[in-house]
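Trainee: Pasting a structure below so you can have a look.
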Amino acid sequence: MFKTFEGKLLNPHAEYLSTHIETGLYFYLGSIVNLNEDQEVHFKYIQATTCTGQIQEVGHICRESNFYNPEKVKNFLKEAKLSDQLPLIIVCGSTSFMISCFTYTRMVSPSLLRYTFNESTP
Numbered sequence: 032m033f034k035t036f037e038g039k040l041l042n043p044h045a046e047y048l049s050t051h052i053e054t055g056l057y058f059y060l061g062s063i064v065n066l067n068e069d070q071e072v073h074f075k076y077i078q079a080t081t082c083t084g085q086i087q088e089v090g091h092i093c094r095e096s097n098f099y100n101p102e103k104v105k106n107f108l109k110e111a112k113l114s115d116q117l118p119l120i121i122v123c124g125s126t127s128f129m130i131s132c133f134t135y136t137r138m139v140s141p142s143l144l145r146y147t148f149n150e151s152t153p
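For the sequence shown, the residue numbers in our numbering are 32 to 153.
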């Protein structure tokens, strides 16, 4: 049975289910994302890819896709606080967000600044 805490239902299997749902979504969207031009499909794929820890794939889709909302993806990647900020730098480098990306990257990890001007350009 589910317990309540501060008016919220607690599911003991919620984390397990969430992980498996994200993994399933990652595989499903991965099979259609290259054939689709819908911004929401691309954004959901970026989210699922991030949640499953496929950081290289996040960078790949950010570099190769022209069908995502850069502002929305930039904000999501900032909130995700990835260990490797290269996908965020790719998004910022391909759009007009370079100054905000530079400032954010400098605050998060100065060692990541080497990516800012070297690897962000396609």
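Here a beta-carbon is modelled for each residue, glycine too, at the ideal position from N, C-alpha and C.
Being a predicted model, the structure only gives us computed values, none of them experimental.
For Glu110 and Thr81, I'd like the C-alpha separation in whole angstroms.
Mentor: Cα to Cα, Glu110 sits roughly 11 Å from Thr81.
Trainee: Using the C-alpha atoms, what's the distance from Cys132 back to Gln70?
Mentor: Between Gln70 and Cys132, the C-alpha separation is close to 21 Å.
Trainee: Closest by CA to Gly84, which one among Leu108, Gly124, Pro101 and Phe128?
Mentor: Nearest C-alpha to Gly84: Leu108.
Trainee: Tell me the DSSP secondary structure of Glu95 in three-state form.
Mentor: Glu95 falls in the helix class under three-state DSSP.
Trainee: Is Asn106 helix, strand or coil by DSSP?
Mentor: Correct three-state label for Asn106: helix.
Trainee: Exposed or buried, what is Gln87 when buried is set at 16 or more other beta-carbons lying within 10 Å of its beta-carbon?
Mentor: With fewer than 16 Cβ atoms within 10 Å of its Cβ, Gln87 is classed as exposed.
Trainee: Determine the direct distance from the alpha carbon of Asn65 to that of Ile121, and round the result to whole angstroms.
Mentor: Approximately 18 Å, taken between the alpha carbons.
Trainee: Taking 7 Å as the limit between beta carbons, can you name the residues of its chain near Asp115, skipping five residues before and five after?
Mentor: These residues qualify, in order along the chain: Ile86.
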